[in-house]
Amino acid sequence: MNQFTPLELQNWLAIYAATFACCVIALTLSTASVGYELYRERIWSTIDVRSPRTMLLFVPKIWWRWQRRYFLSTPVTLAIVSWFGATLSWS
């Protein structure tokens, strides 16, 4: 089995750390963006809180909004991490 050199291991750990940092930033921005959008639209005033069916359908709508925002950050995250990985010295 091929073992990593200490430099390769350090580089891979740095890439994973950079990916984690980008994902945390994307999570924060997407959550804040959806929260602001829900506040701006005053979404709670448009639903009937007495109906369990309406409340049950409300959660997936919010989840889908958040998923769309979060997945829009994927190309940016890949570009940043790829660029970062390309700048590392691998030899």
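Numbering (this note's numbering), first residue to last: 43 to 133.
The C-beta atom is built at its ideal place from N, Cα and C for all residues, glycine as well.
Judged by their CB atoms, tyrosine 112 and leucine 69 are nearer to each other than the 9 Å cut-off. Under the three-state reduction of DSSP, asparagine 44 is assigned to coil, being neither helix nor strand. Annotated as distal: methionine 97 and isoleucine 85, with beta-carbon spacing of 9 Å or more. For the options Val123, Gly127, Tyr78, the alpha carbon positioned closest to that of alanine 63 is the one of Val123. Distance check between valine 66 and each of Thr119, Val76, Gly127 places Thr119 closest, using alpha-carbon atoms only.
Residues of the same chain with their beta carbon placed closer than 6 Å to that of valine 101 are lacking, with the five preceding and five following residues left out of the count.
Of all alpha-carbon atoms in Leu51, Ser133, Thr73, Thr116, the one lying nearest the alpha-carbon of threonine 61 is that of Thr116.
Here DSSP, grouped into helix, strand and coil, assigns arginine 95 to helix.
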